[in-house]
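Participant: So for the sequence shown, our numbering puts the first residue at 1; every next one is plus one.
For each residue, glycine too, the CB sits at the ideal point set by N, CA and C.
All values derive from a computational prediction rather than experimental measurement.
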Amino acid sequence: MEIKITPKWIAIVLMSLIGCLTAIHLTLQSIRFVTGETNGLVWFFGLGADGNIPTFYSAFAIILCSALLVLIGVGDLRERKVPAAYWFGLAVIFSFLAVDEMLMLHERLIEPVRDALDTSGAFYYAWVIPYGVAVLVFVAVYLRFLMLLPRKTAALFVAAGALFVAGAIGFEMLGGMQSQTYGNENVIYVALQTIEEVLEMVGIALFAYALADYADERFDGLRLVVSS
1 MEIKITPKWI AIVLMSLIGC LTAIHLTLQS IRFVTGETNG LVWFFGLGAD
51 GNIPTFYSAF AIILCSALLV LIGVGDLRER KVPAAYWFGL AVIFSFLAVD
101 EMLMLHERLI EPVRDALDTS GAFYYAWVIP YGVAVLVFVA VYLRFLMLLP
151 RKTAALFVAA GALFVAGAIG FEMLGGMQSQ TYGNENVIYV ALQTIEEVLE
201 MVGIALFAYA LADYADERFD GLRLVVSS
């Protein structure tokens, strides 16, 4: 049996999961702030918490992107229209991001970088500095790659990247300022954290859609073959 995986199907599934997780998170957080009571469900479905359901979803979505990148890279090895090394390089980066999402590797840099550079305010969560530098290097290296892609694909990639970086670094910096001044247990911090996580998830979902759309046009789609 052969199942064709369409870009629209990927987008609907991922965005539906994001919508459900966000709705549950907001409901539980609202109950927490109204009643003043906290239970395990707040952590279990908290968008900003570690090792819970949203974390596993985010890691899954990133791994999906990594798998799509490998498949596209294999396809471009044959046709040689876009250097396959770019696709495989992205696959490695996304594999690292999945590991980072599960193990929160970036958070281990906060104290060492903060102590070394004496950061505060927008750089209170000091991991954004080395990761921000990495983003700039990535953009410089992959600028030529974007020029080789179809305009639609390049535009979708840029939009997805902008959403992800705006959440992961932009709103993380705003959250750092709020955390340093007022702590984490307040509505504003939770709101900033929620926007941060939603932007990241939507950015990854858009990127997965863009990859599937590119594969659909270049290689006549993605197919899952189930042998009986």
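(1) Is the beta carbon of TYR189 less than 8 angstroms from the beta carbon of GLY170?
(2) From TRP9 to ALA205, what does the alpha carbon distance come to, in whole angstroms?
(3) Measure the alpha-carbon distance for GLY121 versus ALA159 and round it to whole angstroms.
(4) Figure out for me which residue from LEU103, VAL74 and GLY203 has the closest Cα to the Cα of ALA91.
(5) What's the gap between the Cα of GLY48 and the Cα of LEU28?
(6) Between TYR86 and TYR142, what straight-line distance do the alpha-carbon atoms span, to the nearest angstrom?
(7) Out of ARG218, PHE219 and ALA212, point me to the one whose CA is closest to LEU64's CA.
(8) Can you tell me whether SER16 is buried or exposed? The criterion is at least 16 other CB atoms within 10 Å of its CB, across all chains shown.
(9) Assess, as a yes-or-no matter, whether the region 120-137 is touched by the region 177-185 under the definition of 3 or more beta carbon pairs within less than 8 angstroms.
(10) Roughly how far, in whole angstroms, is the beta-carbon of PHE164 from the beta-carbon of ALA210, given that I think they are within contact range, below 8 angstroms?
(11) What residue range is occupied by the uninterrupted alpha helix (DSSP H) comprising GLY175?
(12) Between the region 132-141 and the region 181-195, do at least 3 Cβ pairs fall closer than 8 angstroms?
(13) Quick one: give me the first and last residue of the alpha helix (DSSP H) that ARG114 is part of.
(14) What would DSSP say about ASP220, mapped onto helix, strand or coil?
Facilitator: Looking at the atomic coordinates:
(1) What you label residue 189 is simply residue 189 of the sequence shown in a count that begins at 1. What you label residue 170 is simply residue 170 of the sequence shown in a count that begins at 1. No; because the gap between Cβ atoms is not below 8 angstroms, this pair is not in contact.
(2) Counting from one through the sequence shown, the residue named residue 9 turns up at place 9. Counting from one through the sequence shown, the residue named residue 205 turns up at place 205. CA-CA distance, TRP9 to ALA205, rounds to 11 angstroms.
(3) Stepping through the sequence shown from its first residue, residue 121 is reached at position 121. Stepping through the sequence shown from its first residue, residue 159 is reached at position 159. Between the alpha carbons of GLY121 and ALA159 lies a distance of about 27 angstroms.
(4) Along the sequence shown, one-based indexing puts residue 91 at 91. Considering only LEU103, VAL74 and GLY203, the residue with the shortest C-alpha distance to ALA91 is VAL74.
(5) The residue labelled residue 48 in the question sits at position 48 within the sequence shown. The residue labelled residue 28 in the question sits at position 28 within the sequence shown. Roughly 13 angstroms between the two C-alpha positions.
(6) Within the sequence shown, residue 86 is the residue found at index 86, counting from 1. Within the sequence shown, residue 142 is the residue found at index 142, counting from 1. Distance between the alpha carbons of TYR86 and TYR142 is about 8 angstroms.
(7) Counting from 1 along the sequence shown, the entry for residue 64 is found at position 64. In this structure, ALA212 is the residue among ARG218, PHE219 and ALA212 with its C-alpha nearest to the C-alpha of LEU64.
(8) Taking the first residue of the sequence shown as 1, we reach residue 16 at position 16. It is exposed - the Cβ of SER16 has fewer than 16 other Cβ atoms within 10 Å.
(9) At 8 angstroms Cβ cutoff, the stretches touch.
(10) Your numbering for residue 164 matches position 164 in the sequence shown. Your numbering for residue 210 matches position 210 in the sequence shown. Between ALA210 and PHE164 the Cβ distance is about 12 angstroms, and since that is not below 8 angstroms, they are no contact.
(11) Indexing the sequence shown from 1 puts residue 175 at position 175. 172-182 is the span of the alpha helix (DSSP H), which, as asked, contains GLY175.
(12) No: fewer than three Cβ pairs fall under 8 angstroms.
(13) Your numbering for residue 114 matches position 114 in the sequence shown. Where ARG114 is concerned, the enclosing alpha helix (DSSP H) stretches over 110-117.
(14) For this step, residue 220 is matched to residue 220 along the sequence shown. Reduced to three states, the DSSP call for ASP220 is coil.
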